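Chains as they are written, first to last, in the numbering used here: chain H, 964 to 1030; chain X, 93 to 334.
By construction, the Cβ of each residue, glycine as well, lies at the ideal position given by its N, Cα and C atoms.
Quick caveat: nothing in here was measured; it's all calculated off a predicted structure.
Here's the structure we're looking at; comments come further down.
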Ligand SMILES: Cc1ncc(C[n+]2csc(CCOP(=O)(O)OP(=O)(O)O)c2C)c(N)n1
Ligand code: SF4
Ligand code: SF4
Ligand code: SF4
Ligand SMILES: [Mg+2]
């Protein structure tokens, strides 16, 4: 099983990772981060396959992947 | 479990000033990863443009110089000729490379300077407020073509990559895109090829990257990527040009 770690303070809420995760494991938060933006959250109960698509598309290099 | 993706040493751990979903952030990371993977961080010199990427040197953990608007390839020529052992590249927008800097671009390519160019085509002048660029598509609305680009008044989208491919000094030109994760990985391979060509003394290499500017396209980040996929790449076909 794989997982991702999101730097939520750095996240700009572009939601590209949300759009490209094939497992639908990344969700918009309702809370705001220090920048005043809706960051994203990872559903650690889902089946992350470590495909790295979220990390590859993130313009702000906010995502690390462990596999 | 082991780390399969993380920020590399060539990209400082700093917040970037770009708008949400901006392609510059992805392209910066790709350049950093290529420099890291080729093991050339200590001898790489990047030339930052004028445009939204004017502060690229703050994000890359290797030597950089700034250049006046459009003059990146003139500065790169000088640095490479004085320091031929270093790996020198420019990073330039469409306004920088194909409007104010067209002259420097064409002559550096025509001289076959042994340089690598990362050309960010976002079809607008981002930094100054989304004005029409040479690469703006026909019909595309910008702050200086509010009814859309019109061929009689504004001319046609400039295919500078195809034009440069005619020059004998040019060894490699490829057009890539950032519109999906697989395309981002292809873009990285092309950037790596451009750097390898320089390492092998093959001459002038350029990678044109179709890159989203959600802010001045008036689209959400994902819609911007879809616009590249569905519209922009029809005008600017992807693939190896030379
Ligand atoms: C000599 C000079 N002329 C004009 C400008 C204003 N200017 C700054 S950036 C820019 C265009 C940038 O567009 P582009 O190269 O496409 O970069 P982007 O911001 O889209 O990444 C212009 C015209 C300037 N800084 N210097
Ligand atoms: S690594 Fe793949 S499956 Fe896991 S969160 Fe990222 S995009 Fe989704
Ligand atoms: S792609 Fe990056 S910046 Fe955009 S929402 Fe996901 S983590 Fe945040
Ligand atoms: S204006 Fe466009 S190119 Fe400039 S930072 Fe914003 S999205 Fe990126
Ligand atoms: Mg531009």
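Contact test: residue i Cβ vs ligand 1 heavy atom, cutoff 8 Å
| i | result |
| --- | --- |
| residue 142 of chain X | yes |
| residue 104 of chain X | no |
| residue 192 of chain X | yes |
Any non-hydrogen atom of ligand 5 within 8 Å of residue i CB
| i | result |
| --- | --- |
| residue 248 of chain X | no |
| residue 111 of chain X | no |
| residue 286 of chain X | no |
| residue 320 of chain X | no |
Option in the options with minimal Cα separation from residue i
| i | options | result |
| --- | --- | --- |
| residue 987 of chain H | H:999, H:1013, H:1001 | H:1013 |
| residue 258 of chain X | X:217, X:274, X:199 | X:199 |
| residue 1020 of chain H | X:282, X:333, X:290, X:277 | X:277 |
| residue 250 of chain X | X:190, X:163, X:98 | X:190 |
| residue 229 of chain X | X:123, X:106, X:329 | X:329 |
| residue 994 of chain H | H:1022, H:1010, H:975 | H:975 |
| residue 182 of chain X | X:217, X:214, X:120, X:225 | X:120 |
| residue 202 of chain X | X:95, X:264, X:302, X:218 | X:264 |
| residue 194 of chain X | X:295, X:227, X:221, X:174 | X:227 |
Beta-carbon contacts of residue i that lie in its chain and below 8 Å, excluding the five residues immediately before and after
| i | result |
| --- | --- |
| residue 284 of chain X | 126, 129, 130 |
| residue 196 of chain X | 162, 163, 164, 165, 166 |
Contact set for residue i: own chain, Cβ-Cβ below 7 Å, skip 5 residues either direction
| i | result |
| --- | --- |
| residue 282 of chain X | 266, 268, 299 |
| residue 154 of chain X | 102, 127, 133, 136, 138 |
| residue 110 of chain X | 116, 117, 144 |
| residue 177 of chain X | 135 |
| residue 236 of chain X | 223, 224 |
| residue 1015 of chain H | 1028 |
Cutoff 6 Å; reference residue i; Cβ partners in own chain excluding five residues on either side
| i | result |
| --- | --- |
| residue 252 of chain X | 190 |
| residue 209 of chain X | 182, 298 |
Under 7 Å from the C-beta of residue i: neighbouring residues of chain X
| i | result |
| --- | --- |
| residue 1019 of chain H | 273, 276, 277 |
| residue 1023 of chain H | 108, 117 |
| residue 1013 of chain H | 96 |
Contact test: residue i Cβ vs ligand 2 heavy atom, cutoff 8 Å
| i | result |
| --- | --- |
| residue 1028 of chain H | yes |
| residue 1015 of chain H | yes |
| residue 986 of chain H | yes |
| residue 989 of chain H | yes |
| residue 965 of chain H | yes |
| residue 968 of chain H | no |
Residue i Cβ short of 8 Å to ligand 7 heavy atom set
| i | result |
| --- | --- |
| residue 223 of chain X | In the structure on display, ligand 7 does not appear, and the ligands it does have are ligand 1, ligand 2, ligand 3, ligand 4 and ligand 5. |
Neighbour list for residue i in chain H, Cβ cutoff strictly below 7 Å
| i | result |
| --- | --- |
| residue 107 of chain X | 973 |
| residue 99 of chain X | 1024 |
| residue 313 of chain X | 977, 978, 979 |
Listed by chain order, chain X residues near residue i by CB distance under 8 Å
| i | result |
| --- | --- |
| residue 987 of chain H | Within chain X, no residue comes near residue 987 of chain H; the closest Cβ sits about 14 Å away, beyond 8 Å. |
Chain A contact for residue i (CB, 9 Å cutoff)
| i | result |
| --- | --- |
| residue 982 of chain H | The structure shown has no chain A; the protein chains it does contain are H and X. |
Ligand 4 heavy atom lying under 8 Å from the CB of residue i
| i | result |
| --- | --- |
| residue 116 of chain X | yes |
| residue 226 of chain X | no |
Residue i Cβ short of 8 Å to ligand 3 heavy atom set
| i | result |
| --- | --- |
| residue 274 of chain X | no |
| residue 243 of chain X | no |
| residue 1023 of chain H | yes |
| residue 975 of chain H | yes |
Beta-carbon neighbours of residue i, restricted to chain X and to distances below 9 Å
| i | result |
| --- | --- |
| residue 1027 of chain H | 95, 96, 97, 98, 99 |
Amino acids of chain H, ordered along the chain, whose beta-carbon sits closer than 9 Å to that of residue i
| i | result |
| --- | --- |
| residue 144 of chain X | The premise fails here: residue 144 of chain X is roughly 12 Å from chain H at the closest Cβ pair, so nothing lies under 9 Å. |
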